[in-house]
Amino acid sequence: MKNKDLLKENNVVMWEEEKIASFQKTLLDWYDSSKRDLPWRQTSNPYYIWVSEIMLQQTQVDTVIPYYNRFITTLPTVQDLADADEDTLLKLWEGLGYYSRVRNMKSAAIQIVAEHNGVFPKDYKDIIKLKGIGPYTAGAVSSIAFNQPQPAVDGNVMRVLSRLFELKIDIGKASSRKVFEEMIRHLIDQERPGDFNQALMDLGATICTPKNYKPETSPIKEFNASYLNETWKQYPVKKTKKSSREEHYIVVAAKNSKGEYIFEKRGAKGVLSGMLTFIMINRDSLDEGNWKSFEGKVDELGQQHHKQLQALLKKEYGVTVKLNDEIKGKLTHVFSHLKWQLTVIEADIIDESMLMPQVQLIHPEQFEKTAFPVPTQKTWELLKTLTLF
DNA sequence: TATCCGTGGGC
DNA sequence: TGCCCAAGGAT
């Protein structure tokens, strides 16, 4: 609505038409000669572009490539995605993180089948209505797959523009994105909007990087105010995030006589929602004197904390176990805003006749078919190691 | 609006 | 080592 004011309010002096045209040519010439050869650049299929964009959210290109190839091979069409079981999808996504992305993709695929006859919608206003697609992804798909002049503002674009225009707004704030989008509406090449957007992102990923930035090596250095004014070290402006919290858990790897392990399917909310972990007991739910005994070998408190853990396992999971005398080991898993400190202990299941619904027994022979988040994988790797004395 | 949501890599 | 970063979205 007041987009003109948006630039004025943030002291953005947009370039003249002639300079914009020159910038477009310089940037696209560089892109044509130096763009990265990526799998999703060998197609104009909007479904494939969409898959790549979702995977690339907060995830590096090198990580995504094998996942992308496997995903589109296994599920070549929107209909295939809409029909896929969640277990299949999670196995395809295993290790990528942010698992709600793939659940949202299935919802969106069902939307596309129901509302667009299975054909990926062409217009930004329809694309952004799809689950899991926000302003960036809607702009990326509509510009790359359908050649529509929509901005696709990600972290790269904000960094590049901050430096080009000496922009002092905090790129970490959600409200900042709209300013950059309005700038792109002026700057974007109307003939090649998809290439223009991708060129800015490629530049941000390979030359205009957060660290080890050498502005004199940039193909668009002559357009870069912060380079010409030697202020480039000040950009982009980004406030530091606050540090993450830490949680301590006792991980109980309980095995029955058939060799099956108990896993918990985590609830709908919170970290790793809907994913499988070994049984985890928050250390804070045990009396202090008891959890301290887990820091090393079992001591005099052993019998007491064993009893407390066993009572919790019976009450919360419906399983009766005999705990091993010593802990198997410790491991750490770091999330974005959270750190888990895990103390792993093995156990034998004595009675599994009253299991609660959120738990399931899985034999190791089935592990390769099952999707586990990385903390569960790390725990299993620890369990497989021999304990040496 | 600020926080939550995974994981791996770089320094 | 601990932090920052990576083609963000939902709430």
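The working numbering applies: residue 668 is where the first sequence begins, and numbers increase by one.
Glycine is no exception: its CB is placed at the ideal position from the N, C-alpha and C atoms.
All values derive from a computational prediction rather than experimental measurement.
Query - Neighbourhood of ARG859 by C-beta distance below 7 Å, restricted to the same chain and skipping five residues each side - result: Your numbering for residue 859 matches position 192 in the first sequence. These residues qualify, in order along the chain: LEU695.
Query - Short Cβ contact (7 Å threshold) for ASP862 with TYR698 - result: Mapped onto the first sequence, residue 862 falls at position 195. Mapped onto the first sequence, residue 698 falls at position 31. Yes; because the gap between Cβ atoms is below 7 Å, this pair is in contact.
**Report entry** Buried versus exposed call for VAL786 [16 or more other C-beta atoms within 10 Å across all chains shown]
**Finding:** What you label residue 786 is simply residue 119 of the first sequence in a count that begins at 1. It is exposed - the Cβ of VAL786 has fewer than 16 other Cβ atoms within 10 Å.
Query raised in the report: What is the rounded straight-line gap between the Cα of ASN991 and the Cα of GLU1013?
Result: Taking the first residue of the first sequence as 1, we reach residue 991 at position 324. Taking the first residue of the first sequence as 1, we reach residue 1013 at position 346. Each residue's alpha carbon lies about 5 Å from the other.
Query raised in the report: Between which two residues does the alpha helix (DSSP H) harbouring GLU848 extend?
Result: Taking the first sequence and counting its residues from 1, one reaches residue 848 at position 181. Run containing GLU848: 843-854, per the alpha helix (DSSP H) assignment.
Report task. Out of GLN1033, GLN815, LEU757, LEU870, state which residue places its alpha-carbon closest to the alpha-carbon of SER701. Result -> The sequence position of residue 701 within the first sequence is 34, counting from 1. Taking only the C-alpha atoms, the option nearest SER701 is LEU870.
Query raised in the report: By a C-beta neighbour count over all protein chains shown, 10 Å radius and 16 as the cutoff for buried, is MET668 buried or exposed?
Result: The residue you call residue 668 lines up with position 1 of the first sequence. Its pLDDT being 44, under 50, MET668 is placed unreliably by the model, and the measurement read from it follows with that caveat. Exposed, since its Cβ has fewer than 16 Cβ neighbours within 10 Å.
Requested in this report: Measure the C-alpha to C-alpha separation of VAL986 and LEU723 and round it to an integer number of angstroms.
Outcome: Translated into positions along the first sequence, residue 986 becomes position 319. Translated into positions along the first sequence, residue 723 becomes position 56. Near 41 Å, if we compare the C-alpha coordinates of LEU723 and VAL986.
Query raised in the report: With distances taken between CB atoms, is the gap from LEU953 to GLN977 smaller than 7 Å?
Result: By one-based count along the first sequence, residue 953 stands at place 286. By one-based count along the first sequence, residue 977 stands at place 310. Not a contact, by the Cβ cut-off of 7 Å.
Query raised in the report: Taking DSSP as the reference, what is the three-state secondary structure of LEU828?
Result: Sequence index remark: in the first sequence, residue 828 carries index 161 (1-based). Three-state result, LEU828: helix.
Query raised in the report: Are the segment 876-888 and the segment 834-852 in contact at 8 Å, needing three or more beta carbon pairs?
Result: No, the segment 876-888 is not in contact with the segment 834-852.
Query raised in the report: Around the Cβ of LYS773, are there at least 16 other Cβ atoms within 10 angstroms (buried) or fewer (exposed)?
Result: If you number the first sequence from 1, residue 773 lands on position 106. LYS773 comes out buried.
Query raised in the report: Can you name the residues that DSSP bridges to ASN949?
Result: As a position in the first sequence, residue 949 is number 282, starting the count at 1. BP columns for ASN949 point to TYR916.
Query raised in the report: DSSP three-state call for GLU931: helix, strand or coil?
Result: Along the first sequence, read from residue 1 onward, the residue named residue 931 stands at position 264. In the structure shown, GLU931 sits in a strand (DSSP, three-state: E or B).
**Report entry** Contained alpha helix (DSSP H) runs [length at least 4] in the segment 707-779, N- to C-terminal order
**Finding:** 713-722, 728-741, 745-750, 753-760
Query raised in the report: In the DSSP assignment, what residue or residues form a beta bridge with THR1010?
Result: Here residue 1010 refers to the residue found at position 343 of the first sequence. ILE917, LYS997, per the DSSP bridge assignment.
Requested in this report: Go through its chain and collect everything with a Cβ distance to LEU828's Cβ below 7 Å, but skip five positions before and after it.
Outcome: Looking up residue 828 in the first sequence gives position 161. Around LEU828: LEU834, PHE847, MET850.
Query raised in the report: What does DSSP give as the partner residues of ILE838 in its beta bridges?
Result: Here residue 838 refers to the residue found at position 171 when the first sequence is read from its first residue. According to DSSP, which records beta bridges pairwise, ILE838 is partnered with nothing at all.
Query raised in the report: Under three-state DSSP, which class holds ASP966?
Result: Here residue 966 refers to the residue found at position 299 when the first sequence is read from its first residue. Residue confidence is low: ASP966 scores 38 on pLDDT, short of 50, so the model does not pin down where it sits. No coordinate-derived value is stated.
Report task. Report the three-state DSSP secondary structure of GLN857 (helix, strand or coil). Result -> Start at 1 with the first residue of the first sequence, and residue 857 comes out as number 190. In the structure shown, GLN857 sits in coil (DSSP, three-state: anything other than H, G, I, E or B).
**Report entry** Boundaries of the beta strand (DSSP E) in which LEU705 is found, first to last residue
**Finding:** As a position in the first sequence, residue 705 is number 38, starting the count at 1. Per DSSP, LEU705 belongs to no beta strand (DSSP E) and is neither H nor E.
Query - Helix, strand or coil at LEU976 according to DSSP, with G and I counted as helix - result: Numbered from its first residue, the first sequence carries residue 976 at position 309. For LEU976, the secondary structure class from DSSP, reduced to helix, strand or coil, is helix.
Query raised in the report: Can you give the Cα-Cα distance for ILE929 and ILE811, rounded to whole angstroms?
Result: Sequence index remark: in the first sequence, residue 929 carries index 262 (1-based). Sequence index remark: in the first sequence, residue 811 carries index 144 (1-based). Cα-Cα distance, rounded: 46 Å.
Query raised in the report: The beta strand (DSSP E) spanning LYS796 covers which residue range?
Result: Your numbering for residue 796 matches position 129 in the first sequence. Per DSSP, LYS796 belongs to no beta strand (DSSP E) and is neither H nor E.
Query - CB of PRO903 within 7 Å of CB of ARG844, strictly - result: Taking the first residue of the first sequence as 1, we reach residue 903 at position 236. Taking the first residue of the first sequence as 1, we reach residue 844 at position 177. Their beta carbons are not under 7 Å apart, which means PRO903 does not touch ARG844 by this criterion.
Report task. Please report the residue range of the beta strand (DSSP E) in which LEU990 lies. Result -> Within the first sequence, numbered from 1, the residue matching residue 990 stands at position 323. 987-990 is the span of the beta strand (DSSP E), which, as asked, contains LEU990.
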